[in-house]
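The sequence shown maps to residues 0 to 384 in numbering that gives the first Met the number 0.
Glycine included, every Cβ here is placed at the ideal spot set by N, Cα and C.
Here the structure is laid out as structure tokens; the discussion comes afterwards.
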Amino acid sequence: MSHYYKSGSIPHKRHTQFRKPDGNLYSEQLFSTEGFSSVYSLLYHNHPPTEIIRTDKPYSVMPQIAEEKMLQHRSFQGFNIKPESDYLKSRKPVLVNNDCQIVLAAPQQSMTKHFYKNADADELLFIHEGNGKLKTQYGELEFNYGDYVMVPRGTIYQVEFATHTNRLFIVESFSPIRYPKKYISKEGQLLEHSPYCERDIRPPENLQTSDEKGDFLILTKKKGMIYGIHYLHHPFDVVGWDGCCYPYIFSILDFEPITGRVHQPPPVHQTFEAHNFVVCSFVPRLFDYHPLAIPAPYNHSNIDSDELIYYVDGDFMSRKNVTRGMITLHPGGIPHGPHPGAVNKSIGAKETKELAVMVDTFHPLQLTKEALNIEDKNYVMSWSE
Ligand SMILES: [Fe+2]
0 MSHYYKSGSI PHKRHTQFRK PDGNLYSEQL FSTEGFSSVY SLLYHNHPPT
50 EIIRTDKPYS VMPQIAEEKM LQHRSFQGFN IKPESDYLKS RKPVLVNNDC
100 QIVLAAPQQS MTKHFYKNAD ADELLFIHEG NGKLKTQYGE LEFNYGDYVM
150 VPRGTIYQVE FATHTNRLFI VESFSPIRYP KKYISKEGQL LEHSPYCERD
200 IRPPENLQTS DEKGDFLILT KKKGMIYGIH YLHHPFDVVG WDGCCYPYIF
250 SILDFEPITG RVHQPPPVHQ TFEAHNFVVC SFVPRLFDYH PLAIPAPYNH
300 SNIDSDELIY YVDGDFMSRK NVTRGMITLH PGGIPHGPHP GAVNKSIGAK
350 ETKELAVMVD TFHPLQLTKE ALNIEDKNYV MSWSE
């Protein structure tokens, strides 16, 4: 969970009369993603968030599954996903299951004419290329290279890019994305052995409050459909809010790696968790310092999880022919390990500059048509070359 934060004007006591200068009441809204059973925020609007004036015909953005079942190591060239001007159209689901969807996007233009809300999934937007600003009811989040932008499901947002070339690696999660439980104290603070702490979390800033009346379209995603819902007032009409449920940014560059005398297992890289998957960050770090250490990973049999790695930057000591934006998928059921020559090459190396995001899913991922379009078909044989 995120820690408590407040911004703007809020009443002294929740659920009490909070009046505008003209004597009318502000409209209170409780925002949560798990009913009334977990963290929440209270927002105070100039106008009720319920004033629908019309609705559009919905359209489908369901991922088109090409391979439902498979047992083979796969690799995809993520940067071969074609750029598209529209932010929503640019988002291409490549690997999906019932817990999460892995989406690649190369949007060229900002989304300023309408708003977007994912009513199904938390969105973790990893910024590989580009920078800009996420505008929300809670304020603005300025994002740069290496940022994880965490957007709780239901958050209304717009995205403004300062750049034309943008590359995003997106994880849509059908359950809340949290800090790993092992790093949270029983009182909710990030513990001393966590690779990051509250200071590394960037909450929304610069709360802008609109009082504009008109026709405001919120494209709302629900069960693979986009519903166009038009509202009477600008959705960013919040004068203040407080609570523990809000979008935030954590930079992968603020992840402090945990290293050891011998090779450390993937859980030391864990950054977030959700129901049935985890997100890990591989960052530049010193290698293992036992005199006989082998920095390259050992072969391992991930029998109960699919391992997906999204390569961001730097050199990868365990793999050949790695390119920026590449994805490897090592499915649960068959072992995988370093490419031939990588183990010997790693001995004596002092550090790695690798930067990557790993998603381990506890149920198999399915491949979409978009994934097959960008696949490197020779990857499965790359250990025998
Ligand atoms: Fe692995």
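For residue i and residue j, I'd like the C-alpha separation in whole angstroms.
i, j, result
"I225", "G153", "13 Å"
"S1", "N45", "26 Å"
"Y144", "T15", "42 Å"
"N165", "N130", "8 Å"
"S300", "W382", "15 Å"
"T327", "H262", "21 Å"
"E27", "P47", "8 Å"
"D55", "Q157", "19 Å"
"P234", "K91", "27 Å"
"T219", "P57", "9 Å"
"I169", "S304", "19 Å"
"Y39", "F160", "29 Å"
"G213", "D121", "29 Å"
"G331", "E306", "7 Å"
"H163", "S89", "13 Å"
"Q107", "H127", "14 Å"
"T111", "Q63", "28 Å"
"I346", "H268", "21 Å"
"D98", "C279", "16 Å"
"S36", "S174", "14 Å"
Check residue i in the structure and name its three-state DSSP category.
i, result
"E255", "coil"
"V38", "coil"
"V358", "strand"
"K344", "helix"
"M69", "coil"
"Y58", "strand"
"E369", "helix"
"Y245", "coil"
"Y288", "coil"
"Y226", "strand"
"P334", "coil"
"M89", "Residue identity check: residue 89 is Ser in the sequence provided, not Met. The answer is helix: DSSP assigns S89 an H, G or I state."
"Y378", "helix"
"H274", "coil"
"Y309", "strand"
"Y178", "coil"
"H163", "coil"
Could you say which of the options lies nearest to residue i if we only look at CA atoms?
i, options, result
"T270", "E66, D119, H44, D359", "D359"
"T208", "P265, F215, N23, Y43", "Y43"
"E197", "D253, I155, K344", "D253"
"P203", "F160, A120, I248, A161", "I248"
"H232", "T32, K5, F17, I51", "I51"
"E67", "P363, K376, F125", "P363"
"F361", "L167, N96, R18", "N96"
"L291", "E306, R260, K222, A65", "R260"
"P82", "S40, V150, A161, L167", "L167"
"V321", "P337, I333, G331", "P337"
"L371", "I80, V238, S174, D121", "I80"
"Y245", "Q136, I308, D236", "Q136"
"I333", "V93, I302, S37, K319", "I302"
"A118", "I9, I251, G223", "G223"
"A65", "C243, R318, G77, E374", "E374"
"Y309", "D199, L103, H192", "L103"
"N377", "L24, Y25, Q71, S37", "Q71"
"H335", "F78, V93, N298, V342", "N298"
"E255", "K344, R284, P265", "R284"
"S31", "W240, P296, V282, A348", "W240"
"E350", "G313, H229, F78", "G313"
Let me confirm a value: residue i is counted as buried when at least 16 other C-beta atoms fall within 10 Å, else exposed. Which label applies?
i, result
"P339", "exposed"
"R53", "exposed"
"Y86", "buried"
"R73", "buried"
"L29", "exposed"
"R177", "buried"
"E139", "buried"
"P20", "exposed"
"E353", "buried"
"Q188", "exposed"
"Y288", "exposed"
"D210", "exposed"
"F125", "buried"
"G242", "buried"
Per DSSP, residue i forms a beta bridge with which residues?
i, result
"M325", "Q76"
"P106", "E83"
"F114", "I217"
"S250", "D146"
"F281", "A355"
"C196", "Answer is none; C196 lacks a bridge partner."
"I155", "K116"
"V95", "Q100, Q365"
"D121", "S172"
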